[in-house]
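Numbering (the numbering used here), first residue to last: 495 to 582.
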């Protein structure tokens, strides 16, 4: 049996190339997928945006991102679901 990893790292990133960053306050460098580019907000939290839509946030001093975009939360019909265009 061979485990196959998917190239989708979540939130629109691919995990086929990496870069080191020091985005946390502990002085360490961490590896992130190249497409991963969170934006710092005024309150110290980080946000991931896709096509201008904030899709995930991590609170200041947090350890992981929480999804913050739920495009189907208010969908009431199959037509609304079919018409949805997701951010890239």
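Note that the Cβ used here is the ideal one computed from N, Cα and C, for glycine as well.
{"query": "According to DSSP, residues forming a beta bridge with residue 548", "result": "543"}
{"query": "C-alpha gap between residue 511 and residue 543, whole angstroms", "result": "20 Å"}
{"query": "Heavy atom of the ligand ZN within 7 Å of residue 577 beta-carbon", "result": "By its list of ligands, the structure shown contains no ligand whatsoever, and the ligand ZN lies outside what it can speak to."}
{"query": "Counted within 10 angstroms of its Cβ, other Cβ atoms place residue 549 as buried (16 or more) or exposed", "result": "buried"}
{"query": "Beta strand (DSSP E) runs wholly inside the stretch 497-521, at least 3 long, in chain order", "result": "502-504 and 512-515"}
{"query": "Local Cβ density within 10 Å of residue 559, reported as buried at 16 or more and exposed below that", "result": "buried"}
{"query": "DSSP beta-bridge partners of residue 561", "result": "550"}
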